[in-house]
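Below is one structure; the comments refer to it alone.
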Amino acid sequence: MNLIKSFVGKAFPIVDGELEHWKEVCGKAEDDELKKQALASIEMKRFHALGGSVYALYPGTDLENTVKFITALQTISDYLDNLCDRAGVSDEAAFRQLHISMLDAVDPYRDKSDYYLYYPCKKDGGYLEALVDMCRIQVLTLPSHNIILEKMKKYICLYSEMQSLKHIKPDVREKRLSSWAEGLLKEYPGIYWWEFAAAAGSTLYVFLLYAIASDPHLSPDEIDLLEKAYFPWVCGLHILLDYYIDAREDIETGDLNFTSFYESPLQMEERLSLFIGECLELCSQLKYPKFHTTIIKGLLAMYLSDPKARTEGIRRTTRTLLKKGGYGAVLYHRICRMLRHAGKI
31 MNLIKSFVGK AFPIVDGELE HWKEVCGKAE DDELKKQALA SIEMKRFHAL GGSVYALYPG
91 TDLENTVKFI TALQTISDYL DNLCDRAGVS DEAAFRQLHI SMLDAVDPYR DKSDYYLYYP
151 CKKDGGYLEA LVDMCRIQVL TLPSHNIILE KMKKYICLYS EMQSLKHIKP DVREKRLSSW
211 AEGLLKEYPG IYWWEFAAAA GSTLYVFLLY AIASDPHLSP DEIDLLEKAY FPWVCGLHIL
271 LDYYIDARED IETGDLNFTS FYESPLQMEE RLSLFIGECL ELCSQLKYPK FHTTIIKGLL
331 AMYLSDPKAR TEGIRRTTRT LLKKGGYGAV LYHRICRMLR HAGKI
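If you want it as structure tokens, here you go:
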């Protein structure tokens with residue numbers, strides 16, 4: 031419960047302050063479409079930065095610097111998602127070029143690129159580059175940033191590849207995505223291609239890598255243990271829950287939804303329950319197990335407290351998933367519903 035109090039009482043205000051700053055920066059964009067999508071991504075997806083900021087409470091981190099990194103990187107992610115999905119563009123080359131910004135953000139030793147090279151809109155007033163620079167500055171403050179750099183780049187590359195394919199034309203995106211994911215599945219037996227793709231779409235492990243690099247004595251063995259728990263399990267659960275609550279909305283808008291590939295609602299429930307079980311078991315074996323298991327239960331609470339999780343047809347599954355998370359998930363679910371009612375999330 032102390033983690034939840036610090037999360038809401040300490041991390042949330044810093045996130046909100048950072049988002050207000052980025053709203054001011056993007057307001058200087060000369061291109062109206064870029065300004066519109068930047069502002070919309072901040073206003074409509076604030077929830078993502080708030081949720082990710084829980085990793086700023088990892089033992090030993092600098093709270094303010096970690097929140098700055100997480101908020102900036104998540105803001106890049108949400109902004110690019112809007113540029114790829116909401117601006118009427120379907121050019122894969124443009125999407126890949128835009129996502130180089132995320133690689134530049136986590137690797138301060140790279141030369142920065144022209145992110146809008148293939149995109150029809152270009153004049154953002156320096157917004158995207160400023161976000162990249164904020165991330166790079168924060169990475170360089172970490173005593174063990176060199177140890178986690180290659181892992182961060184690996185998972186940013188997976189994220190960027192998935193996003194670039196997910197937003198191409200609907201008649202080819204599923205085939206391209208499944209072919210890409212299946213080519214990597216041999217390292218992850220026991221999961222479906224869309225579950226791998228969902229895991230690739232999460233930034234949580236990158237946030238965790240930043241947090242653990244605050245430890246000057248960080249060891250590669252510790253990173254390996256965390257990786258086995260987080261990818262594909264924690265990252266997969268994160269994004270599958272997101273798609274779970276958005277399923278009906280995505281059907282109406284024609285957006286791709288990874289939970290639509292399950293054969294039946296029962297199979298979806300069984301697979302999500304499997305992900306919850308694996309997450310709780312693997313996270314219980316990590317350093318600071320309570321921190322990680324609280325996050326799993328918090329994920330369930332945050333997503334399943336959304337009113338969309340109580341719509342007709344999925345209420346029973348929502349109750350089953352909460353029960354699978356245990357008493358903590360049920361308790362946090364009640365807290366999240368109160369926070370939603372109060373407009374905090």
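Just so we're aligned, residue 31 is where the sequence shown starts under this note's numbering, counting upward by one.
The beta-carbon is built from N, C-alpha and C at its ideal position, and this holds for glycine as well.
Item, Value
"Would you say the segment 315-335 touches the segment 258-268, given that touching needs at least three Cβ pairs under 8 Å?", "yes"
"Is it right to say Asp141 is buried, meaning 16 or more other beta carbons lie within 10 angstroms of its own, or is it exposed?", "exposed"
"Determine, using beta-carbon pairs with one atom in the segment 128-137 and one in the segment 101-113, whether at least three such pairs fall under 8 Å.", "yes"
"Between Gly343 and Asp276, what straight-line distance do the alpha-carbon atoms span, to the nearest angstrom?", "13 Å"
"Could you spell out where the alpha helix (DSSP H) holding Gln297 opens and where it closes?", "Pro295 to Cys313"
"Classify Asn287 as helix, strand or coil using the three-state DSSP reduction.", "coil"
"Counting along the chain, where does the alpha helix (DSSP H) carrying Pro200 start and finish?", "Pro200 to Glu212"
"Suppose the cutoff is 7 Å on Cβ atoms and the five residues either side in sequence are ignored; what does the same chain contact list for Ala403 look like?", "With the chain represented from 31 up to 375, any question about residue 403 goes unanswered, as that position is not in the structure."
"Spell out a yes or no on whether the segment 216-229 and the segment 166-181 are touching, meaning 3 or more CB-CB pairs, one atom from each, closer than 8 Å.", "no"
"Can we say the segment 190-201 touches the segment 112-126, given the rule of at least three CB pairs closer than 8 Å?", "yes"
"Which residues in the same chain have their Cβ closer than 6 Å to the Cβ of Met182, if we skip the five residues on either side of it in sequence?", "Val136, Val236 and Leu239"
"Give me, in chain order, the residues of the same chain whose beta-carbon lies closer than 7 Å to that of Tyr145; leave out the 5 immediate sequence neighbours on both sides.", "Gln127, Leu128, Ile130, Ser131 and Leu158"
"With three or more beta-carbon pairs closer than 8 Å as the criterion, would you say the segment 204-221 touches the segment 52-66?", "no"
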